[in-house]
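Residue numbers (this note's numbering): 1257 to 1395.
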(Lines of atoms letter the chains of each structure in order from A and count residues from 1; the text may use other names and numbers.)
(Lines give C-alpha, C1' and ligand atoms only; values in the text may rest on other atoms or scores of the structure.)
Protein backbone atom coordinates (compact mmCIF):
# COMPACT_ATOMS: atom_id res chain seq x y z
CA UNK A 1 0.00 0.00 0.00
CA UNK A 2 2.78 2.46 0.89
CA UNK A 3 4.55 1.53 -2.33
CA UNK A 4 1.48 2.57 -4.31
CA UNK A 5 1.31 5.86 -2.42
CA UNK A 6 4.96 6.72 -3.09
CA UNK A 7 5.08 5.79 -6.78
CA UNK A 8 3.53 9.07 -7.99
CA UNK A 9 5.82 11.04 -5.66
CA UNK A 10 8.95 9.31 -6.94
CA UNK A 11 8.31 10.45 -10.48
CA UNK A 12 6.84 13.85 -9.61
CA UNK A 13 8.63 17.02 -10.56
CA UNK A 14 7.96 18.15 -6.99
CA UNK A 15 10.04 15.33 -5.49
CA UNK A 16 13.02 17.66 -4.81
CA UNK A 17 10.68 19.94 -2.84
CA UNK A 18 9.41 16.94 -0.90
CA UNK A 19 13.03 16.06 -0.11
CA UNK A 20 13.59 19.65 1.04
CA UNK A 21 10.62 19.29 3.39
CA UNK A 22 11.87 15.95 4.70
CA UNK A 23 15.24 17.54 5.39
CA UNK A 24 13.58 20.45 7.18
CA UNK A 25 11.76 17.98 9.44
CA UNK A 26 14.91 16.05 10.34
CA UNK A 27 16.33 18.57 12.91
CA UNK A 28 13.17 18.13 15.00
CA UNK A 29 14.37 14.61 15.76
CA UNK A 30 17.33 16.10 17.62
CA UNK A 31 17.58 18.12 20.84
CA UNK A 32 15.64 19.93 22.23
CA UNK A 33 12.62 18.27 20.55
CA UNK A 34 13.77 14.63 20.67
CA UNK A 35 11.10 13.42 18.23
CA UNK A 36 13.43 10.62 17.11
CA UNK A 37 10.93 8.78 14.87
CA UNK A 38 11.11 11.75 12.51
CA UNK A 39 14.74 10.86 11.73
CA UNK A 40 13.85 7.30 10.81
CA UNK A 41 10.87 8.31 8.70
CA UNK A 42 12.59 11.15 6.86
CA UNK A 43 15.69 9.08 6.06
CA UNK A 44 13.60 6.09 4.96
CA UNK A 45 11.55 8.30 2.65
CA UNK A 46 14.71 9.95 1.33
CA UNK A 47 16.22 6.55 0.55
CA UNK A 48 13.05 5.56 -1.26
CA UNK A 49 12.93 8.81 -3.23
CA UNK A 50 16.57 8.35 -4.28
CA UNK A 51 16.19 4.71 -5.31
CA UNK A 52 16.32 4.06 -9.07
CA UNK A 53 16.74 7.71 -10.01
CA UNK A 54 19.24 9.11 -12.44
CA UNK A 55 22.39 10.48 -10.82
CA UNK A 56 21.29 14.05 -11.61
CA UNK A 57 17.86 13.52 -10.03
CA UNK A 58 19.43 11.90 -6.97
CA UNK A 59 21.92 14.75 -6.64
CA UNK A 60 19.13 17.35 -6.72
CA UNK A 61 16.94 15.40 -4.30
CA UNK A 62 19.79 14.80 -1.88
CA UNK A 63 20.84 18.43 -2.14
CA UNK A 64 17.28 19.50 -1.41
CA UNK A 65 17.22 17.28 1.66
CA UNK A 66 20.54 18.72 2.80
CA UNK A 67 19.44 22.32 2.29
CA UNK A 68 16.31 21.66 4.34
CA UNK A 69 18.28 19.89 7.05
CA UNK A 70 20.95 22.57 7.33
CA UNK A 71 18.59 25.49 6.76
CA UNK A 72 16.46 24.55 9.75
CA UNK A 73 19.23 22.88 11.74
CA UNK A 74 21.55 25.88 11.84
CA UNK A 75 18.93 28.60 12.06
CA UNK A 76 20.47 29.47 15.44
CA UNK A 77 23.46 30.78 13.49
CA UNK A 78 21.32 33.69 12.35
CA UNK A 79 20.81 34.76 15.96
CA UNK A 80 24.51 34.41 16.71
CA UNK A 81 25.62 36.31 13.63
CA UNK A 82 22.98 39.03 13.73
CA UNK A 83 22.38 39.60 17.43
CA UNK A 84 25.84 38.95 18.85
CA UNK A 85 27.96 39.66 15.79
CA UNK A 86 26.10 42.88 14.99
CA UNK A 87 25.86 41.89 11.34
CA UNK A 88 23.03 43.36 9.25
CA UNK A 89 20.02 41.03 9.03
CA UNK A 90 20.25 40.63 5.25
CA UNK A 91 23.90 39.59 5.49
CA UNK A 92 23.22 37.18 8.35
CA UNK A 93 20.45 35.52 6.29
CA UNK A 94 22.79 35.31 3.30
CA UNK A 95 25.55 33.75 5.41
CA UNK A 96 23.24 31.12 6.93
CA UNK A 97 21.79 30.33 3.49
CA UNK A 98 25.32 29.91 2.14
CA UNK A 99 26.15 27.45 4.93
CA UNK A 100 22.95 25.49 4.22
CA UNK A 101 23.59 25.33 0.47
CA UNK A 102 27.24 24.31 0.79
CA UNK A 103 26.71 21.75 3.56
CA UNK A 104 23.68 20.41 1.70
CA UNK A 105 26.02 19.45 -1.13
CA UNK A 106 27.35 16.60 1.02
CA UNK A 107 23.91 15.00 1.07
CA UNK A 108 23.53 15.74 -2.63
CA UNK A 109 26.78 13.98 -3.47
CA UNK A 110 25.71 11.11 -1.22
CA UNK A 111 22.52 10.85 -3.30
CA UNK A 112 24.59 10.88 -6.48
CA UNK A 113 26.86 8.08 -5.23
CA UNK A 114 23.86 6.08 -4.01
CA UNK A 115 22.17 6.35 -7.41
CA UNK A 116 25.20 4.82 -9.09
CA UNK A 117 24.28 1.46 -7.52
CA UNK A 118 21.78 0.31 -10.14
CA UNK A 119 20.73 -2.81 -8.27
CA UNK A 120 17.43 -4.19 -7.08
CA UNK A 121 15.80 -3.31 -3.76
CA UNK A 122 18.81 -4.73 -1.89
CA UNK A 123 20.64 -1.53 -2.79
CA UNK A 124 18.63 0.13 -0.04
CA UNK A 125 20.93 -1.66 2.42
CA UNK A 126 23.77 0.51 1.20
CA UNK A 127 21.95 3.74 2.04
CA UNK A 128 22.61 3.73 5.80
CA UNK A 129 26.38 3.11 5.62
CA UNK A 130 26.67 5.64 2.81
CA UNK A 131 24.76 8.24 4.84
CA UNK A 132 27.01 7.61 7.85
CA UNK A 133 30.13 7.85 5.67
CA UNK A 134 29.09 11.24 4.32
CA UNK A 135 28.20 12.44 7.81
CA UNK A 136 31.71 11.43 8.88
CA UNK A 137 33.21 13.28 5.90
CA UNK A 138 31.52 16.48 7.10
CA UNK A 139 33.46 16.40 10.36
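Just so you know, even glycine gets a beta-carbon here, dropped at the ideal spot from N, CA and C.
As the structure is a prediction and not an experimental result, all values here were calculated from the model.
query	result
Span of the alpha helix (DSSP H), counted from its first residue to its last, around residue 1391	1383–1394
Distance CB(residue 1283)-CB(residue 1325) smaller than 8 Å	yes
Start-end ranges of the alpha helix (DSSP H) lying completely within the stretch 1297–1349, minimum 4 residues	1311–1329, 1332–1335
Residue 1319 versus 1336, 1281, 1347, 1368, residue with shortest Cα-Cα distance	1368
Beta-carbon contacts of residue 1303 that lie in its chain and below 7 Å, excluding the five residues immediately before and after	1380, 1383
Neighbourhood of residue 1295 by C-beta distance below 7 Å, restricted to the same chain and skipping five residues each side	1282, 1285
Burial state of residue 1280 (16 or more Cβ within 10 Å)	buried
Where the alpha helix (DSSP H) through residue 1280 begins and ends	1271–1281
Buried or exposed by the 16-neighbour rule on C-beta atoms within 10 Å, applied to residue 1390	buried
Classification of residue 1395 by the beta-carbon crowding that lies within 10 angstroms, buried from 16 upward	exposed
7 Å Cβ shell around residue 1357 - same chain, five flanking residues per side excluded	1323
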